[in-house]
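In this note's numbering, the protein residues as written are 15 to 179. Remarks on the structure that follows.
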């Protein structure tokens, strides 16, 4: 389903796993080419060491590349299924303040995905997310492997089109 940037921002803000862990989507850029997220430190996401629970940090960064690719490609007429194929996170230092991250999806990245979808029917790539504290210090780095499948892709049709040209 295609949503506006503002609508998806509010859906994500009120999504229970985000809402109760104090994960706040600040904005989506025009055409879903960027996202800005804040993880507020609170009593409900503090761990034993009085820093933000690692699971909250992981959950905050989990869906954004998949959501952004899905929405960006839908606007270009693709019918896709997009998911996070794998993810890993490296915690650099305890998160003792609110955390922030920004994701940018360039036109080149979208075109790369479009080309792979047209030629192979799928696109798989890993993207980093750098998560910083209020002072700009890196607290965590997450690697998100995104899998995109064009549900309208038919290998035989693509071969036939290529032979006719």
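Here a beta-carbon is modelled for each residue, glycine too, at the ideal position from N, C-alpha and C. Owing to the predicted nature of the structure, the values given are computational and were not obtained by experimental measurement.
Check	Outcome
Using 7 Å as the threshold, is the C-beta distance between residue 19 and residue 33 below it?	no
Judging by CA-CA distance, which residue of 44, 167, 112 is the nearest neighbour of residue 147?	112
Taking only the alpha-carbon atoms, compute the straight-line gap between residue 110 and residue 52 and give it to the nearest angstrom.	14 Å
Is residue 64 buried or exposed, if buried means 16 or more other CB atoms sit within 10 Å of its CB?	exposed
Rounded to the nearest angstrom, what separates residue 21 and residue 28 at their Cα positions?	11 Å
What are the start and end residues of each continuous alpha helix (DSSP H) run of 4 or more residues lying completely inside the region 42–128, in chain order?	68–75, 78–88
Skipping 5 residues on each side, what residues in its chain have a beta carbon closer than 8 Å to that of residue 86?	45, 46, 47, 119, 124
Drop a sphere of 10 angstroms on the beta-carbon of residue 131, count the other beta-carbons inside from all chains shown, and report buried for 16 or more, exposed for fewer.	buried
On a CA-only basis, which of 149, 108, 91, 23 is nearest residue 128? Give me that one, please.	91
Using the C-alpha atoms, what's the distance from residue 135 back to residue 168?	8 Å
Using only alpha-carbon positions, find the residue among 67, 54, 69, 141 that is nearest to residue 100.	141
Taking the continuous beta strand (DSSP E) assigned at residue 158, which residues delimit it?	152–164
Whose C-beta lies closer than 7 Å to the C-beta of residue 50 among residues of the same chain, with five residues either side of it excluded?	40, 41, 116
Rounded to whole angstroms, what is the Cα-Cα separation between residue 106 and residue 81?	26 Å
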